[in-house]
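What follows is a set of notes on a single structure, which appears directly below.
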Amino acid sequence: MSLPRTALITGAASGIGAEIAQTLFREGCHVVIADRNEPDYLASLSAEDQRTRFISIDLSQAADCQSLVEQTMKEFGSIDILVNNAGFQHVAPLEDFPESVWENMLQVMLTAPFLLTKYVLPGMKQQGWGRVINMGSIHSQVASLNKAGYIAAKHGLVGLTKSTALEGGPFQITANVICPAYVRTPLVEQQIAAQAESLGISAEQVESQVFLKASATGKMIEPAEVAAMVSYLCSDQAKSITGACWTVDGGWTAQ
Ligand code: NAD
Numbered sequence: 099m100s101l102p103r104t105a106l107i108t109g110a111a112s113g114i115g116a117e118i119a120q121t122l123f124r125e126g127c128h129v130v131i132a133d134r135n136e137p138d139y140l141a142s143l144s145a146e147d148q149r150t151r152f153i154s155i156d157l158s159q160a161a162d163c164q165s166l167v168e169q170t171m172k173e174f175g176s177i178d179i180l181v182n183n184a185g186f187q188h189v190a191p192l193e194d195f196p197e198s199v200w201e202n203m204l205q206v207m208l209t210a211p212f213l214l215t216k217y218v219l220p221g222m223k224q225q226g227w228g229r230v231i232n233m234g235s236i237h238s239q240v241a242s243l244n245k246a247g248y249i250a251a252k253h254g255l256v257g258l259t260k261s262t263a264l265e266g267g268p269f270q271i272t273a274n275v276i277c278p279a280y281v282r283t284p285l286v287e288q289q290i291a292a293q294a295e296s297l298g299i300s301a302e303q304v305e306s307q308v309f310l311k312a313s314a315t316g317k318m319i320e321p322a323e324v325a326a327m328v329s330y331l332c333s334d335q336a337k338s339i340t341g342a343c344w345t346v347d348g349g350w351t352a353q
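To convert a position in the sequence shown, counted from 1, into the working numbering, add 98.
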């Protein structure tokens, strides 16, 4: 990244988002961490200088999305990079899938990215530079059993990204989706623990026999691998890379 940029990252208190925030901070960005929870690494960044802020937000609330963008603009003057990363999982067969969970998933994982993109675009257009990165999943491309809400939201993000790429292109704004397979984060650790209990096998067995069954490399992905992809997509070298899905999946979707 050639200039100091301001990056707004949702769901950055934990897992992949936390790694992205710390990576972009190390690369010189001003970093706004938007999450329901306060990140435990905040002190280590804030101590250095005034380049980081935590803003408490519930992304299911449209008003929170609007005030997040307003607060960030007021404090830092621009939003150059938007990373729509926050998400959560719910596992249930379609006929048992709670309607309230479906609605909440679409609000947090599809409507909030739409609203935040809508609110940051005018500033990006005015400055003639921007990066929008949406955290998809292998479930942006293929389905697995019992994850209808997550899969619908993640597929929807691909359409939102392509629309953003077309409308932002003339203003040098790029938009991309990153599609990881299983990344070692609290979201996945919880799913491994739940399956170990329901299948009556160890967490290690769930990891190798269930979660990595379709992975060519047979390895869990580390958050830093995804953060490195974000960093590249934010760089000036990636200015022509837009409207695309970037798998970080150990070959999962190659078959
Ligand atoms: P995580 O649970 O570690 O972190 C998710 C963060 O989102 C948390 O800090 C949580 O507080 C925040 N969040 C959730 N709902 C929110 C809301 N309503 N308002 C504000 N913040 C909210 O999860 P992770 O594994 O780091 O996942 C991050 C993203 O990566 C998600 O979109 C997820 O779908 C995607 N993803 C994860 C994996 C994986 O294997 N971990 C794979 C593919 C895609």
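A virtual CB, placed ideally from N, CA and C, is assigned to each residue, including glycine.
These numbers come from a predicted model, not from an experiment.
For the stretch 267 to 283 against the stretch 220 to 232, do three or more pairs of beta-carbon atoms, one drawn from each stretch, fall closer than 8 Å, so that the two count as touching? yes
By the three-class DSSP mapping on this structure, what secondary structure does residue 189 have? The residue you call residue 189 lines up with position 91 of the sequence shown. Residue 189 falls in the coil class under three-state DSSP.
Can you tell me whether residue 220 is buried or exposed? The criterion is at least 16 other CB atoms within 10 Å of its CB, across all chains shown. On the sequence shown, position 122 is the one that residue 220 refers to. Label assigned to residue 220: exposed.
CB of residue 117 within 8 Å of CB of residue 325, strictly: The residue you call residue 117 lines up with position 19 of the sequence shown. The residue you call residue 325 lines up with position 227 of the sequence shown. Their beta carbons are under 8 Å apart, which means residue 117 touches residue 325 by this criterion.
CB contact flag (residue 211, residue 264, <8 Å): Taking the sequence shown and counting its residues from 1, one reaches residue 211 at position 113. Taking the sequence shown and counting its residues from 1, one reaches residue 264 at position 166. No, they are not a contact pair.
Identify, in the order they occur along the chain, each residue of the same chain with its Cβ nearer than 8 Å to the Cβ of residue 214, setting aside the five sequence neighbours on each side. Taking the first residue of the sequence shown as position 1, residue 214 is located at position 116. Here the set comprises 106, 108, 163, 166, 167, 180 and 182.
By Cβ distance, which residues of its chain are closer than 6 Å to residue 341, with the 5 residues on each side in sequence left out? By one-based count along the sequence shown, residue 341 stands at place 243. The answer, listed in chain order, is 260 and 263.
For residue 137, count the other beta carbons within 10 Å of its own beta carbon; 16 or more makes it buried, fewer makes it exposed. Which is it? As a first step, residue 137 is located in the sequence shown; it is residue number 39 there, counting from the start. Flag for residue 137 reads buried.
Using C-beta distances below 7 Å, list every residue in its chain close to residue 253, excluding the 5 sequence neighbours before and after it, in chain order. To locate residue 253, count along the sequence shown from 1; it is residue 155. Cβ neighbours of residue 253 beyond the five flanking positions: 238.
Within the present structure, is the beta-carbon of residue 280 separated from the nearest heavy atom of the ligand NAD by less than 7 Å? Translated into the one-based positions of the sequence shown, residue 280 becomes position 182. Checking every heavy atom of the ligand NAD against the Cβ of residue 280, one is found closer than 7 Å.
Confirm the yes/no value for this check: CB of residue 315, any heavy atom of the ligand NAD, distance under 7 Å. Here residue 315 refers to the residue found at position 217 of the sequence shown. Answer for residue 315: no, Cβ out of range of the ligand NAD.
Is residue 214 close to the ligand NAD? I mean its beta-carbon at under 7 Å from any heavy atom of the ligand. Mapped onto the sequence shown, residue 214 falls at position 116. Residue 214 Cβ: outside cutoff for every heavy atom of the ligand NAD.
Extent of the continuous beta strand (DSSP E) run through residue 209: Looking up residue 209 in the sequence shown gives position 111. Where residue 209 is concerned, there is no enclosing beta strand (DSSP E), given that its DSSP letter is neither H nor E.
Residue 318 and residue 305 look like a contact to me (Cβ under 8 Å); what is the Cβ gap, rounded to whole Å? Mapped onto the sequence shown, residue 318 falls at position 220. Mapped onto the sequence shown, residue 305 falls at position 207. With a Cβ gap of about 7 Å, residue 318 and residue 305 count as contacting.
Using the DSSP secondary-structure output, state which residues sit across from residue 356 in a beta bridge. The chain is shown from 99 up to 353; residue 356 falls before or after that span and cannot be answered.
Can you tell me whether DSSP reads residue 167 as helix, strand or coil? For this step, residue 167 is matched to residue 69 along the sequence shown. Correct three-state label for residue 167: helix.
Buried versus exposed call for residue 175 [16 or more other C-beta atoms within 10 Å across all chains shown]: What you label residue 175 is simply residue 77 of the sequence shown in a count that begins at 1. Looking at its Cβ environment, which holds fewer than 16 other Cβ atoms inside 10 Å, residue 175 is exposed.
Among 300, 282, 159 and 347, nearest to residue 315 - alpha-carbon criterion: Position 217 of the sequence shown holds residue 315. Closest option to residue 315, Cα to Cα, is 347.
Apart from the five residues on each side of it in sequence, which residues of its chain come closer than 6 Å, Cβ to Cβ, to residue 236? Taking the sequence shown and counting its residues from 1, one reaches residue 236 at position 138. Closer than 6 Å at Cβ, skipping near neighbours: 277, 279, 347, 350 and 351.
Cβ of residue 134 within 7 Å of any heavy atom in the ligand NAD? Counted from its first residue, the sequence shown places residue 134 at position 36. Because some heavy atom of the ligand NAD lies under 7 Å away, the Cβ of residue 134 counts as near it: yes.
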